[in-house]
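Trainee: Please find one structure pasted underneath; my questions will follow.
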Amino acid sequence: MVVATEINPSRIEKIREVEIPVIDLSVKKSKAAKLIVKACEDYGFFKVINHGVPHHIIKKMEDEGFEFFHKPLPDKIRVGSANPFGYGSKNIGLSGDKGELEYLILQTSQDSILNTSKFRCTVSCYVECVRELACKILELIAKGLGVPRSFFSHLVRRFDSDSLLRLNHYPPVSDTSHSFQRGSSIGFGEHSDPQILTLLRSNGVAGLQISMGNGNWAPVAPDPHAFCVNIGDVLQAMTNGRFISVRHRAMANTLADRSRLSLVFFGAPPPEAIINCPPQLLKQNEPRYRAFTWAEYKSHTYAHRLGETRLDHFKIV
1 MVVATEINPS RIEKIREVEI PVIDLSVKKS KAAKLIVKAC EDYGFFKVIN
51 HGVPHHIIKK MEDEGFEFFH KPLPDKIRVG SANPFGYGSK NIGLSGDKGE
101 LEYLILQTSQ DSILNTSKFR CTVSCYVECV RELACKILEL IAKGLGVPRS
151 FFSHLVRRFD SDSLLRLNHY PPVSDTSHSF QRGSSIGFGE HSDPQILTLL
201 RSNGVAGLQI SMGNGNWAPV APDPHAFCVN IGDVLQAMTN GRFISVRHRA
251 MANTLADRSR LSLVFFGAPP PEAIINCPPQ LLKQNEPRYR AFTWAEYKSH
301 TYAHRLGETR LDHFKIV
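In structure tokens:
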């Protein structure tokens, strides 16, 4: 992933306050579907409340995450390097790119979850809940777009789904240089997610920002009652570009006494699943992207280090 330790001083950037859409999933489905579709079109990003994921399951996952990251480094390294699954720190890109975080990447299948049986059980329960939430949101999107209910969600429900869980830990930075004092150090650099849908939960420490284009960045305030949801590249392609795969980043944690922990579920298709746009969305529009498999797109994505124009490779000229 392309991550710089500091914002490029030659690039003019502005922080712009934006009212992020917050969608109550307890309202009538038709209303929620309409609001979600609009948020996906306008921002590619929104929050959901009354989402149905029990607080005690979220809390237990956060506690297990902090317990893991507070272990001595040799114990963390013992689970294996993040290549592609396991523990990593600082070096998080394919070209020596760095960020102010450490992380743990896990496959969501039961047999591949690392560490102790207690940790495995906690992850399994959490993944089951957030996967169901992701599918619920995808089915509301389908309703709002007028496509078959399971057109998007069945790809995430499949037993061979390539979905991931990533735990990101941003400890307080110790650098007191001028760049850090300006709050300009990157914790996790600008990128979009290649998968279908991302669900993110953080522990209440700010840092996430979404791109509004033209160098404008909108901070996303942490919300103890919400999950953040963002559209991935695959869903942008499956909606023929109607939805935005939003670029986002996390700033380094400048709090002196508190770490930031984010739990990130990436809902992805199976490797051989064919990605295409449903015919209902092509009645008045020509297809913008050719059909491709998730394995093909994933390979292209990492070959291009999550670059900004990677979907262009699959556009129909």
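Anchor point for the sequence shown: position 316 equals 316 in our numbering, and the numbering is continuous, going up by one each time. All C-beta atoms in this analysis are idealised placements derived from N, C-alpha and C, irrespective of residue type, glycine included.
Which two residues bound the contiguous beta strand (DSSP E) that contains Lys47?
Mentor: 45-49
Trainee: Which residue from Arg149, Asn276, Cys121, His304 puts its Cα closest to that of Lys29?
Mentor: Arg149
Trainee: Taking the C-alpha atoms as reference points, what is the distance between Ser81 and Pro194?
Mentor: Here the alpha carbons of Pro194 and Ser81 stand approximately 21 Å from one another.
Trainee: Who are the near neighbours of Phe243 in its chain, counting only those whose CB is closer than 7 Å to its CB and skipping five residues on each side?
Mentor: Cys40, Glu41, Gly44, Ile231, Leu235, Gln236
Trainee: Answer yes if the segment 257-277 comes into contact with the segment 293-302, meaning at least three C-beta pairs across the two stretches below 8 Å, and no otherwise.
Mentor: Flag = yes, the segment 293-302 and the segment 257-277 touch.
Trainee: Would the beta-carbon of Glu17 fall within 8 Å of that of Trp217?
Mentor: no
Trainee: By Cβ distance below 7 Å, which residues in the same chain neighbour Val220 in space, the five residues on each side in sequence not counted?
Mentor: Ile20, Leu208, Gln209, Ile210, Cys228
Trainee: Per DSSP, Ile23 forms a beta bridge with which residues?
Mentor: Val48
Trainee: Since Leu167 contacts Leu104 with CB under 8 Å, what's their CB separation in whole angstroms?
Mentor: 5 Å
Trainee: Of the residues Gln107, Pro72, Lys90, which one's Cα is nearest the Cα of Leu101?
Mentor: Lys90
Trainee: Give me the DSSP bridge partner(s) of Asn216.
Mentor: Looking at the DSSP assignment, Asn216 forms a beta bridge with Lys14, Gly213.
Trainee: Look at the alpha carbon of His56 and the alpha carbon of Phe314, and state the distance between them as a whole number of angstroms.
Mentor: Rounded to whole angstroms, His56 to Phe314 spans 42 Å at the Cα level.
Trainee: Three or more C-beta pairs under 8 Å: does that hold for the segment 138-148 against the segment 69-87?
Mentor: no
Trainee: Based on the DSSP output, what are the partners of Gly88 in its beta bridges?
Mentor: Tyr103
Trainee: Taking the alpha-carbon of Leu255 as reference, which of Leu281, Gly187, Gly267 has the nearest alpha-carbon?
Mentor: Gly187
Trainee: Which value, in whole angstroms, describes the spacing of the CA atoms of Val156 and Pro269?
Mentor: 6 Å
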